[in-house]
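S.K.: This note's numbering applies: residue 35 is where the sequence shown begins, and numbers increase by one.
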Amino acid sequence: MGKIVRALTEDGAVVVLAADTTDIAETARAIHGASKVCTAALGRLLTGASLMGYMLKNKEDSVTVRVNGSGETGSLIAVSDSKGNVRGYMMDPHVEIPLKPNGKLDVGGAVGREGSLTVIKDLGLKEPMVGQVPLVSGEIAEDLTSYFAVSEQIPTVCSLGVQVDTEGRVAKAGGFLIQLLPTSDDTVIAKVENGLKNVPPVTAMLREGLSPLEICKRALPEFHPEELDCGDIAYCCDCSRRRVERALISAGLDALSEMAQDAVTEVRCHFCPAVYRFTADEIRALIEEAK
Ligand code: ZN
């Protein structure tokens, strides 16, 4: 089980969220059989999406973050509900590329340094809110920071980390997100930036045993953030047979007729290990529904 917390400075000028997503990133790795660098990439995106999801106002809201990079992994997608529970997948989770000269996993190299990051917020309105920015580095945290600055005009600091052990499993994963009011003056911005100079990587803070709230405090040493709310978070998929049926119906009559030729049609969920099987008769029933 992961943990997420949101805290606010006394004057309300700075909000900070932090999450321990170790279990989430490890579950994603296990589900997708991801390589080390792909585990890091997907783990970071899941963490970012969870932090963004937790900022949503209404219970039914959700956020989807999609990265379309020029790298070998192809697109990555993470979806979070408003409690910070996430799911995600990537086109090719098996990509392996050499480490960076500093010995770190080359997430930007695998994802691609060119491309786009798209955020889709479903806020229960007629149309979802969509924002898109070009990738900055493909390292995910910088790309999300750019999204907030460009698309939402909110000064934001985002730090995401996934530490993978020698076996390829997730040892630690987490992140924090600092947001300033759009009206923040330069002294507040300078204080935040100054404080960040000595903040260790998130995975180092988790290794030290810091809780998400302690990470919030460490990330803002010149402020006194106080907890607003916190919760447990997990990797979870909300797929169901009915949802798959609706997706099949929306694929159209031609596609369904083709499926009805096969004795059994298998549909695999992208996000979790679930497999849904439909007999030709069941497909024909969907054709009737689609008409
Ligand atoms: Zn699923």
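Heads up, the beta-carbon is just placed ideally off N, CA and C, and yes, glycines get one too.
Which stretch, first to last residue, makes up the alpha helix (DSSP H) that contains Y88?
M.R.: Taking the first residue of the sequence shown as position 1, residue 88 is located at position 54. Run containing Y88: 70 to 88, per the alpha helix (DSSP H) assignment.
S.K.: Let me make sure I understand the geometry here. Which of R40, K138, E242, L290 has the alpha-carbon closest to that of S116?
M.R.: Here residue 116 is taken as the residue at index 82 of the sequence shown, counted from 1. The option with the nearest alpha carbon to S116 is R40.
S.K.: Report back the beta-carbon spacing between G103 and G146 to the nearest angstrom; my notes put them in contact at under 8 Å.
M.R.: Position 69 of the sequence shown, counting from 1, holds the residue named residue 103. Position 112 of the sequence shown, counting from 1, holds the residue named residue 146. With a Cβ gap of about 3 Å, G103 and G146 count as contacting.
S.K.: Just confirm the distance between the C-beta atoms of S109 and A83, as a whole number of angstroms; I'd bet it's less than 8 Å.
M.R.: Mapped onto the sequence shown, residue 109 falls at position 75. Mapped onto the sequence shown, residue 83 falls at position 49. Not a contact, Cβ separation roughly 14 Å.
S.K.: Less than 8 Å between the beta carbons of R63 and T55, yes or no?
M.R.: Within the sequence shown, the letter at position 29 stands for residue 63. Within the sequence shown, the letter at position 21 stands for residue 55. Their beta carbons are not under 8 Å apart, which means R63 does not touch T55 by this criterion.
S.K.: Note down the Cα distance separating L254 from T190, rounded to an integer number of angstroms.
M.R.: For the purposes of this step, residue 254 is identified with residue 220 of the sequence shown, where counting begins at 1. For the purposes of this step, residue 190 is identified with residue 156 of the sequence shown, where counting begins at 1. L254 and T190: Cα-Cα distance of roughly 13 Å.
S.K.: Which residue comes first and which comes last in the beta strand (DSSP E) that contains E261?
M.R.: Here residue 261 refers to the residue found at position 227 of the sequence shown. Per DSSP, E261 belongs to the beta strand (DSSP E) from 260 to 267.
S.K.: Would you check if there are 3 or more beta carbon pairs closer than 8 Å linking the region 191 to 201 to the region 231 to 238?
M.R.: Result yes; three or more Cβ-Cβ pairs closer than 8 Å.
S.K.: Nearest by alpha-carbon distance to E148: which of A289, S171, G87, A52 is it?
M.R.: Your numbering for residue 148 matches position 114 in the sequence shown. Minimum Cα distance to E148 is reached at S171.
S.K.: With respect to 7 Å, is the separation between the Cβ of F305 and the closest non-hydrogen atom of the ligand ZN below this value?
M.R.: In the sequence shown, the residue the question calls residue 305 occupies position 271. Yes.
S.K.: Considering only their Cβ atoms, is the gap separating A53 from I267 smaller than 8 Å?
M.R.: Walking along the sequence shown from the start, residue 267 turns up at place 233. Walking along the sequence shown from the start, residue 53 turns up at place 19. Yes; because the gap between Cβ atoms is below 8 Å, this pair is in contact.
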